[in-house]
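Numbers 0 to 797, taken from numbering that gives the first Met the number 0, label the letters of the sequence shown in order.
For each residue, glycine too, the CB sits at the ideal point set by N, CA and C.
Here is the structure we will look at.
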Amino acid sequence: MQGKTVLFVNSGSRKKEFTLKRAKELGLRVVLLAPRMTWEKRYADDFVKANNFDHAEALAAVGEFIAAGNKIDGAVTFWEDDVPLMAALCEKFGWIGPTREVAERCRNKYAMREAFRRAAVPSPRHARVKSPEELEKAMKSIGFPAVVKPAWGADSEFVVQVNDEEEAREAFSYISKNAVPKFNPIFAYNNNEFIIEEYMPGIEVSVESVTQYGVTSVIGIAEKKLMREPYFVEEGDSAPSRFEGETLDKIRELVLKAHAALGVRESVTHSEIKVTPDGPKMVEVAARMGGDYIWDWVNTIWGVDLVQEALSIALGEQVNRTPQPPKCFLSARYFNSEKSGVVCGIRGWQEAKGNAGLHDFYLDKEVGDVVLAPPEGFESVGWIACKGNTLSEAEKSLDELFNSVEVTIAKYDVGSSVGQTHRKNKFSYASVTRNRLLSGEKINRLKYLPNEDLHKLHVGILCNRYETNGDDNPVESDLTSVGENIQKALEEKGYKATFFDMNEYPLPVEKMQKAHVDVVFNVCERVNDSSLLEPHSAALMDMLQIPYTGSTPFTLALCIDKIRVKKLLSFHDIPTPKWDYVYEIDDEIRDDLRYPLIIKPGNSDNSIGITNDSVVTDEEGLRKQLNEIVVKMGRPALIEEYVEGDEYDVSIIGNDDDLRVLPLSRSIFNEMPAGYWHIYPYDAKWKKEDTPYDKILKELPAKIPNKLASLITEIAVDTYNILDCHDYGRVEIRVDKDGNPFVLELNPNPSINAGDCVPGAAELVGMNYADFTEEILKLAVKRYKDKPPYYHLQSSIL
């Protein structure tokens with residue numbers, strides 16, 4: 000075998016990398032036939048570029064390669080889609096492999112069923128269906144329960160169990176519309192051909208075999224775990240199979256009979272069989288090696304290298320037909336999601352890798368990747384496999400390790416932005432298009448007013464003024480200056496702007512009415528000197544029917560109550576640190592929280608009540624901080640698991656389906672001195688003299704991988720929309736050492752003073768402070784044009 004040249008007909012996904020690696024280890028020269036070459040470069044000695052679904056193009060490309068003086072000794076594929084092309088290549092260039100007819104019978108399920116029927120191979124009753132009319136006729140002969148599926152396909156895509164005629168009609172309509180090349184190029188072969196067949200109850204096994212010179216040898220048999228119906232989602236396998244004696248002999252005999260019926264003479268094959276109450280029946284035979292962990296399992300348990308055997312067949316060398324007695328037992332389970340979504344957390348896998356019972360741990364997805372579950376797709380996050388001297392030993396280890404790994408999926412829904420954004424670079428907006436088909440009436444987008452009319456608006460600035468001169472209280476100084484700076488910025492843009500102080504008594508209601516303001520820029524954070532009453536400023540504008548910038552009183556009130564926010568985010572599967580809360584000092588706390596914990600006031604802002612002592616490492620520290628918040632401050636306490644890692648501020652502007660995510664800001668705590676937790680307490684935000692928190696590195700824009708930036712962006716956008724934020728907001732997110740993001744909180748009306756985070760991020764995309772304030776005003780006007788002031792209160796949360 001060494002020194003010979005083999006043509007790999009496509010490489011498949013990265014999961015198949017081991018096939019190319021084994022070919023090189025065996026001393027072969029590798030020529031890759033594929034539409035493109037990326038990671039395969041380290042293995043391929045030559046590359047022939049072609050569209051593998053265009054057989055004429057692929058045959059011509061290989062012909063040109065050979066005509067140029069290049070020698071190829073044989074061809075092989077480990078990718079199911081390319082079995083027909085490999086057969087065509089073998090036929091044209093005289094290589095060893097399946098004929099076109101055999102490839103057709105092994106890929107077209109109807110042709111396969113017919114071959115089984117003619118050879119009396121036990122298999123389900125079946126009928127070909129190409130139209131609704133043919134379906135009506137077929138249902139009468141097949142009966143129920145039944146299975147509807149495409150004639151061509153892969154990975155159980157669009158294989159659906161149906162229990163009555165109505166389900167069959169719905170399934171056929173669904174499959175015929177979706178089993179198309181746009182979903183998977185393999186369906187280019189399908190030619191609108193479908194099958195309805197008898198449902199076979201029982202346990203399914205997969206059989207790996209080697210056939211050379213027409214003689215088939217069964218190498219190994221694995222047993223599938225019960226599948227999740229109606230889509231036949233594979234949950235895992237165990238091997239060797241528990242079947243023995245007469246049943247095992249019948250399985251082997253059935254495999255040999257099926258291979259003869261299909262005409263398989265030169266191939267490694269993967270067969271699937273249902274052991275029904277009436278005995279074993281054939282599901283299908285694939286003229287290629289089994290996927291995922293099958294190669295590894297057969298080699299580990301029975302000592303047969305199926306990649307080497309496939310290459311031996313292709314190159315005309317003698318195969319190994321004699322499996323060894325089983326050396327061990329293996330059991331595996333897939334990490335499947337019941338709903339489509341984005342992987343937003345994978346925890347515990349590093350610890351699992353150190354377990355003695357672990358045989359293999361594979362992740363097909365990373366944090367930030369989309370995983371599609373039926374009916375949208377047929378993907379898993381990965382698998383975990385365990386080893387034992389007995390099956391029960393392997394299963395015990397599997398149960399323990401599988402449950403120790405936590406895979407979190409942010410589920411899709413019609414209103415979810417997860418998986419629908421793409422960030423081109425760190426400075427670009429992330430544009431989000433959302434269609435709220437299931438969440439009620441969509442807020443209509445309003446056109447911008449003409450510039451000449453927009454500048455005629457009289458803008459009120461609703462704020463808080465304190466006579467501190469910036470020396471007494473940094474929070475009060477900031478609350479005063481933000482309104483004054485916005486007023487100056489709008490006046491610079493040509494607007495008439497009037498300042499209204501919500502610290503006045505009585506409140507400036509009459510002043511606003513007499514001023515005849517057209518819209519209010521609401522940056523009021525206190526009413527009657529209480530931040531808890533901040534939402535009432537927006538409610539006052541609604542009662543006065545004066546349009547205003549920012550979020551509704553409902554959203555403002557909700558986000559002050561951090562405990563309710565956590566409940567809502569948890570309900571929507573938004574990842575947040577594990578948490579609990581207390582309203583009274585003697586309230587029970589869940590016992591599965593892991594130290595260190597951070598204790599926060601449940602309804603304060605500006606980091607009030609948060610100090611370095613807020614992070615605790617034991618029960619004594621916990622009780623001390625609860626006393627500080629619940630007893631001394633008189634507030635409920637939010638208790639969270641402390642997440643070590645960088646912190647991100649995600650600034651968002653816009654509404655509904657017109658959102659823009661500004662460049663991310665990142666806080667890095669690596670230079671913090673010992674003894675200081677990596678958090679933002681009150682002193683970090685408001686203490687002016689030198690503090691250890693001056694060591695926090697602020698990175699704007701955040702220099703992080705695009706995938707992580709996209710995931711953070713999408714989770715932040717979903718948080719923004721779940722909490723029904725308007726015009727602008729800032730989401731705070733922590734990312735742990737494993738790259739798992741956790742939402743800390745949303746500030747629906749964050750401070751937008753000159754130099755603050757949100758206007759600072761806006762500056763990176765070309766908006767100076769005056770431009771930014773005008774943009775917020777335009778967004779508010781856009782919401783209100785031709786709509787009453789209270790229209791925005793029709794929240795999707797309610």
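Roughly how many whole angstroms lie between the Cα atoms of R21 and E56?
-> As a working note, residue 21 is residue 22 in the sequence shown. As a working note, residue 56 is residue 57 in the sequence shown. Taking the straight line joining both Cα atoms gives about 28 Å.
For the region 748-775, list the beta strand (DSSP E) runs that are entirely contained and at least 3 residues long, ordered along the chain.
-> Here no run is fully enclosed.
Distance between N720 and V742 (C-alpha atoms, nearest Å) | Here the question's residue 742 lines up with position 743 in the sequence shown. Here the question's residue 720 lines up with position 721 in the sequence shown. When rounded, the distance between both Cα atoms is 14 Å.
Counted within 10 angstroms of its Cβ, other Cβ atoms place Q317 as buried (16 or more) or exposed = For this step, residue 317 is matched to residue 318 along the sequence shown. Counting the other Cβ atoms within 10 Å of the Cβ of Q317 gives fewer than 16, which makes it exposed.
With distances taken Cα to Cα, identify the nearest neighbour of P325 among K136, V297, L305, L567.
-> Residue mapping note: residue 325 aligns to position 326 of the sequence shown, counting from 1. The residue with the shortest Cα to Cα distance from P325 is V297.
Taking just the CA atoms, how far does E63 sit from V5?
-> Sequence index remark: in the sequence shown, residue 5 carries index 6 (1-based). Sequence index remark: in the sequence shown, residue 63 carries index 64 (1-based). For V5 and E63, the distance between alpha carbons rounds to 16 Å.
Are the beta-carbon atoms belonging to R593 and D579 less than 9 Å from one another?
-> Translated into the one-based positions of the sequence shown, residue 593 becomes position 594. Translated into the one-based positions of the sequence shown, residue 579 becomes position 580. For R593 and D579, no; Cβs fall outside 9 Å.
Does the beta-carbon of T718 have 16 or more other beta-carbons within 10 angstroms, so that it is buried, or is it exposed?
-> On the sequence shown, residue 718 is found 719 positions in, with the first residue counted as 1. Around the beta carbon of T718, a 10 Å sphere encloses 16 or more other beta carbons of the protein chains shown; the residue is thus reported as buried.
Assumed close pair S530, S603 - CB separation to whole angstroms, cut-off 8 Å | Translated into the one-based positions of the sequence shown, residue 530 becomes position 531. Translated into the one-based positions of the sequence shown, residue 603 becomes position 604. Confirmed, Cβ separation roughly 7 Å.
Whole angstroms is fine: what's the gap from V179's alpha carbon to F186's?
-> Here residue 179 is taken as the residue at index 180 of the sequence shown, counted from 1. Here residue 186 is taken as the residue at index 187 of the sequence shown, counted from 1. Roughly 5 Å between the two C-alpha positions.
Buried or exposed: F77, going by 16 or more other Cβ atoms within 10 Å of its Cβ?
-> Along the sequence shown, read from residue 1 onward, the residue named residue 77 stands at position 78. It is buried - the Cβ of F77 has at least 16 other Cβ atoms within 10 Å.
So what's K801 in DSSP terms, helix, strand or just coil?
-> Any answer about residue 801 is impossible in this case: the structure gives the chain only from 0 up to 797.
Are at least three pairs of beta-carbons, each pair with one atom in the region 118-132 and one in the region 39-47, less than 8 Å apart?
-> As far as the Cβ criterion goes, the region 118-132 does not touch the region 39-47, which means the pair count is below three.
Examine the Cβ distances between the region 266-282 and the region 195-211 and report whether three or more of them are shorter than 8 Å.
-> Result yes; three or more Cβ-Cβ pairs closer than 8 Å.
So, V630 versus T712, is the Cβ gap smaller than 9 Å?
-> Sequence index remark: in the sequence shown, residue 630 carries index 631 (1-based). Sequence index remark: in the sequence shown, residue 712 carries index 713 (1-based). Contact flag unset, no.
Can you pull the DSSP bridge partners for P740?
-> For the purposes of this step, residue 740 is identified with residue 741 of the sequence shown, where counting begins at 1. P740 pairs with V734.
Can you tell me whether DSSP reads N484 as helix, strand or coil?
-> Walking along the sequence shown from the start, residue 484 turns up at place 485. Taken through DSSP and simplified to helix, strand or coil, N484 comes out as helix.
So what does DSSP say about N746, is it helix, strand or coil?
-> Mapped onto the sequence shown, residue 746 falls at position 747. Collapsing the DSSP output to three states places N746 in a strand.
State the CB to CB distance for the pair R733 and G644, rounded to an integer number of angstroms; the pair is presumed to be in contact (CB under 8 Å).
-> To locate residue 733, count along the sequence shown from 1; it is residue 734. To locate residue 644, count along the sequence shown from 1; it is residue 645. With 8 Å as the limit, R733 and G644 qualify as a contact, their Cβ atoms being about 5 Å apart.
How should T625 be labelled, buried or exposed, when 16 other C-beta atoms within 10 angstroms of its C-beta is the threshold for buried?
-> By 1-based counting over the sequence shown, the position of residue 625 is 626. According to the sequence shown, residue 625 is Leu rather than Thr. Per the 10 Å Cβ criterion, buried.
Residue burial classification, N527 (beta-carbon count within 10 angstroms, cutoff 16) | Residue numbering aside, residue 527 sits at position 528 when the sequence shown is read from its first letter. By the neighbour-count criterion, in which a residue is buried when 16 or more other Cβ atoms sit within 10 angstroms of its Cβ, N527 is exposed.
Measure the CB-CB distance between L543 and V508 and report whether it falls below 9 Å.
-> Here residue 543 corresponds to residue number 544 of the sequence shown, with the count starting at 1. Here residue 508 corresponds to residue number 509 of the sequence shown, with the count starting at 1. A contact, by the Cβ cut-off of 9 Å.
For W78: DSSP bridge partner residues = As a working note, residue 78 is residue 79 in the sequence shown. W78 is not bridged by DSSP to any residue.
Bridge partners of Q160, per DSSP?
-> Reading the sequence shown from its first residue, position 161 is the one you call residue 160. Looking at the DSSP assignment, Q160 forms a beta bridge with V146.
Give the DSSP bridge partners of L310, in chain order.
-> Reading the sequence shown from its first residue, position 311 is the one you call residue 310. For L310, DSSP assigns no beta-bridge partner whatsoever.
Pairwise C-alpha distance: V267 and K15 = The sequence position of residue 15 within the sequence shown is 16, counting from 1. The sequence position of residue 267 within the sequence shown is 268, counting from 1. Spanning the alpha carbons of K15 and V267 requires a straight line of approximately 16 Å.
Could you tell me whether the region 751-764 touches the region 493-503, where touching means 3 or more Cβ pairs closer than 8 Å?
-> As far as the Cβ criterion goes, the region 751-764 does not touch the region 493-503, which means the pair count is below three.
Assign R168 to one of three DSSP states: helix, strand, or coil.
-> Start at 1 with the first residue of the sequence shown, and residue 168 comes out as number 169. Three-state DSSP puts R168 in a helix.
Taking all protein chains shown into account, do 16 or more other C-beta atoms lie within 10 angstroms of the C-beta of Y582, making it buried, or fewer, making it exposed?
-> By one-based count along the sequence shown, residue 582 stands at place 583. Of the residues assessed, Y582 falls on the exposed side of the cut-off, its CB having fewer than 16 other CB atoms within 10 angstroms.
Is the region 27-35 in contact with the region 94-109, if contact means three or more CB pairs nearer than 8 Å?
-> Segments in contact, no.
Quick one: grab the DSSP three-state call for L31.
-> By 1-based counting over the sequence shown, the position of residue 31 is 32. DSSP, read as helix, strand or coil, puts L31 in strand.
DSSP beta-bridge partners for P680?
-> Taking the first residue of the sequence shown as 1, we reach residue 680 at position 681. Paired residue(s): none; P680 is not in a bridge.
Please confirm whether V47 and A66 have their CB atoms less than 9 Å apart.
-> Along the sequence shown, one-based indexing puts residue 47 at 48. Along the sequence shown, one-based indexing puts residue 66 at 67. No. Outside cutoff.
Should M809 and H269 be called a contact, given that it needs their Cβ atoms to be closer than 9 Å?
-> Missing from the structure shown is residue 809; the chain here goes from 0 to 797 and no further.
Chain-order list of residues whose beta-carbon lies under 6 Å from that of G315 (same chain, five-residue window excluded) = As a first step, residue 315 is located in the sequence shown; it is residue number 316 there, counting from the start. Around G315: I95.
Beta-carbon contacts of R117 that lie in its chain and below 6 Å, excluding the five residues immediately before and after = In the sequence shown, the residue the question calls residue 117 occupies position 118. Here R117 has no same chain residue with a Cβ atom under 6 Å from its own Cβ, once five neighbours each way along the sequence are excluded.
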